[in-house]
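S.K.:
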Amino acid sequence: MSEFKIGNRRIGHKHKPFIIAEMSGNHNGDINRALELVNAASEAGADALKLQTYTADTITINQRGGLFDIKDKDSLWYGQNLYQLYQKAHTPWEWHKDIFDYAKSLGMIAFSSPFDETAVDFLESLNVPAYKIASFESNHFPLLKKVAETGKPILISSGTSKINELYESVQYLKQNGAKNIVIFKCTSTYPATAENTNLRTIPVLQTIFDDCIIGLSDHTMGIGAAVASVALGARVVEKHFTLKRSDGGVDSDFSLEPNELKALVVETERAFKAMGNVQLDSQKSEEKSKQFKRSIYVVNDIKAGEIFTHENIRVIRPGDGKAPKHYEALIGKVCYNDFSKGSPLK
Numbered sequence: 009m010s011e012f013k014i015g016n017r018r019i020g021h022k023h024k025p026f027i028i029a030e031m032s033g034n035h036n037g038d039i040n041r042a043l044e045l046v047n048a049a050s051e052a053g054a055d056a057l058k059l060q061t062y063t064a065d066t067i068t069i070n071q072r073g074g075l076f077d078i079k080d081k082d083s084l085w086y087g088q089n090l091y092q093l094y095q096k097a098h099t100p101w102e103w104h105k106d107i108f109d110y111a112k113s114l115g116m117i118a119f120s121s122p123f124d125e126t127a128v129d130f131l132e133s134l135n136v137p138a139y140k141i142a143s144f145e146s147n148h149f150p151l152l153k154k155v156a157e158t159g160k161p162i163l164i165s166s167g168t169s170k171i172n173e174l175y176e177s178v179q180y181l182k183q184n185g186a187k188n189i190v191i192f193k194c195t196s197t198y199p200a201t202a203e204n205t206n207l208r209t210i211p212v213l214q215t216i217f218d219d220c221i222i223g224l225s226d227h228t229m230g231i232g233a234a235v236a237s238v239a240l241g242a243r244v245v246e247k248h249f250t251l252k253r254s255d256g257g258v259d260s261d262f263s264l265e266p267n268e269l270k271a272l273v274v275e276t277e278r279a280f281k282a283m284g285n286v287q288l289d290s291q292k293s294e295e296k297s298k299q300f301k302r303s304i305y306v307v308n309d310i311k312a313g314e315i316f317t318h319e320n321i322r323v324i325r326p327g328d329g330k331a332p333k334h335y336e337a338l339i340g341k342v343c344y345n346d347f348s349k350g351s352p353l354k
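Now the structure itself:
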């Protein structure tokens with residue numbers, strides 16, 4: 009399995025999960041709120057802050073009709089056209105440097121998802137340490153080539169892709185210079201449900217892409233799916249976050265609030281540590297606890313020549329007497345020594 013650095017943070021199978029706080033459009037068009045989000049992510053313990061770098065004009069055209077309109081009544085963005093959505097959701101490019109600088113001053117790694125080649129040129133001018141390819145851009149081969157040629161680590165989401173399509177994209181990245189790749193298991197519904205998250209895919213992806221690191225880009229509510237993903241091998245976790253869901257915003261409905269992001273950081277690391285190693289024998293750390301196991305004790309005084317009975321010996325705590333498996337064999341046998349109540353049988 010692969011292991012490499014993003015910024016100053018090493019990621020890989022032997023390292024705790026790398027947690028990415030995705031701001032997306034939750035700044036709600038306010039640079040001060042954006043900086044508040046950076047601070048909140050830092051205080052929660054996130055390893056990295058991620059933006060999305062596009063404008064409405066670099067991602068679509070202002071057109072009505074057909075698939076340009078969002079007609080799904082269950083969509084968070086029903087009634088808008090794509091251009092309106094991306095105008096509302098984008099992070100102004102002139103904010104990027106201030107946001108990145110602030111994140112770095114707080115000890116976080118800062119990078120972004122470019123959505124076209126001009127965004128890569130812009131992000132290169134800011135010397136980002138990595139690139140994220142969003143699910144809907146994973147078939148954008150001109151973008152993949154541009155990013156791969158930077159030689160920097162690439163994180164790519166699998167949402168909406170069949171496995172052969174994802175494999176083709178990853179191979180194309182490698183052919184164009186990418187060496188360090190994270191593949192995110194991702195469900196591109198907003199929000200995603202527990203039922204359509206399918207975390208059992210993670211170890212399968214690790215088998216197919218054995219030289220890549222596998223992660224989870226998670227759009228479910230809460231942190232349960234993310235914690236479970238770590239047990240299945242995910243070593244990078246990306247979640248959208250906001251200051252308060254009730255404030256609204258394009259992604260707020262499936263974003264974590266700061267206290268939830270902090271819980272994500274704590275619980276994914278705890279899950280990682282809990283995986284440990286295969287342990288089939290008792291551990292050194294359990295030695296003191298052995299006293300609480302049961303063993304055979306004398307519960308009434310016994311004189312030499314008397315018989316062991318259910319009334320004078322019992323299986324009780326503590327655990328420094330004879331093992332309980334010998335209890336039935338002792339019943340009816342002659343006792344050759346005196347024993348006082350409270351003595352362990354050895």
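Numbering (this note's numbering), first residue to last: 9 to 354.
Yeah, the Cβ is synthetic: ideal placement off N, Cα and C, and Gly gets one too.
1) On the three-state DSSP scale, how would you describe I339?
2) Which stretch, first to last residue, makes up the alpha helix (DSSP H) that contains L84?
3) Please list the segments of the alpha helix (DSSP H) lying wholly inside the segment 81-141, counting only runs of 4 or more residues, in order along the chain.
4) Pick out the complete alpha helix (DSSP H) segments inside the segment 151-229, 4 residues or longer, and give them in chain order.
5) Looking at C-alpha atoms only, which residue of G256, S254, R253 and T228 is the closest neighbour of V245?
6) Would you give the residue range spanned by the beta strand (DSSP E) that T276 belongs to?
7) Could you tell me whether the segment 342-351 touches the segment 298-310, using the rule of 3 or more Cβ pairs below 8 Å?
8) If I follow the unbroken beta strand (DSSP E) through G20, where does it start and stop?
9) Let me make sure I understand the geometry here. Which of V342, A200, V286 and F316 has the alpha-carbon closest to that of E84?
10) For I78, which residues from the same chain have a beta carbon less than 8 Å from its beta carbon, with the 5 sequence-adjacent residues on both sides left out?
11) DSSP three-state label for S348, please.
12) So, does the segment 270-281 touch the segment 307-323, judging by three or more C-beta pairs under 8 Å?
13) Is F300 buried or exposed, if buried means 16 or more other CB atoms sit within 10 Å of its CB?
14) Using DSSP with H/G/I as helix, E/B as strand and the rest coil, what is S32?
15) Please identify the residue among T197, A52 and P137 whose C-alpha is closest to the C-alpha of D82.
16) On the three-state DSSP scale, how would you describe K296?
17) Note the first and the last residue of the continuous beta strand (DSSP E) segment covering S303.
18) Inspect the beta-carbon positions of I221 and I19 and report whether they are closer than 9 Å.
19) What is the DSSP secondary structure of D77, counted as helix, strand or coil?
20) For the segment 248-261 and the segment 201-221, state whether three or more C-beta atom pairs, one from each stretch, are separated by less than 8 Å.
21) Can you confirm whether the segment 57-71 touches the segment 287-298 when touching is taken to mean that 3 or more C-beta pairs between the two stretches lie within less than 8 Å?
22) Who does I321 pair with in a DSSP beta bridge?
23) Please list the terminal residues of the continuous beta strand (DSSP E) segment that includes V238.
24) Name the two residues that bound the continuous beta strand (DSSP E) containing E44.
25) With a CB to CB cut of under 7 Å and the five nearest residues on each side skipped, what residues in its chain are close to F149?
26) Would you give the residue range spanned by the alpha helix (DSSP H) that T66 belongs to?
27) Give me the residue from P137, R302, S260 and A242 with the minimum Cα distance to A156.
28) Looking at the secondary structure, which residues open and close the beta strand (DSSP E) in which I14 lies?
29) Applying the criterion that 16 or more other CB atoms from any shown protein chain within 10 Å of the CB defines a buried residue, is S254 buried or exposed?
M.R.: Looking at the atomic coordinates:
1) In this structure, I339 counts as coil in the three-state DSSP scheme.
2) Note, L84: premise wrong, no alpha helix (DSSP H); not H, not E.
3) 90-97, 104-113 and 125-133
4) Residue ranges of uninterrupted alpha helix (DSSP H) with 4 or more members, entirely inside the segment 151-229 and ordered along the chain, are 171-183 and 209-216.
5) Looking at the Cα atoms, T228 is the closest of the given residues.
6) Not the beta strand (DSSP E): T276 falls in the alpha helix (DSSP H), residues P266 to M283.
7) The segment 342-351, when compared against the segment 298-310, does touch it at the 8 Å Cβ threshold.
8) Start and end: R17 to G20.
9) Per the sequence presented here, residue 84 reads as Leu, with Glu not at that position. When each option's Cα is compared against that of L84, the closest is A200.
10) W85, Y86, G87, Q88, N89, L90 and L93
11) coil
12) no
13) exposed
14) coil
15) T197
16) helix
17) S303 to V306
18) yes
19) strand
20) Result no; under three Cβ-Cβ pairs closer than 8 Å.
21) no
22) V306, per the DSSP bridge assignment.
23) For V238, there is no enclosing beta strand (DSSP E); the residue is part of the alpha helix (DSSP H) that begins and ends at G232 to A239.
24) E44 -> not in any beta strand (DSSP E); alpha helix (DSSP H) instead, spanning I39 to A52.
25) Y180
26) A64 to I67
27) P137
28) It spans E11 to I14 - the beta strand (DSSP E) in which I14 sits, taken as one unbroken run.
29) exposed
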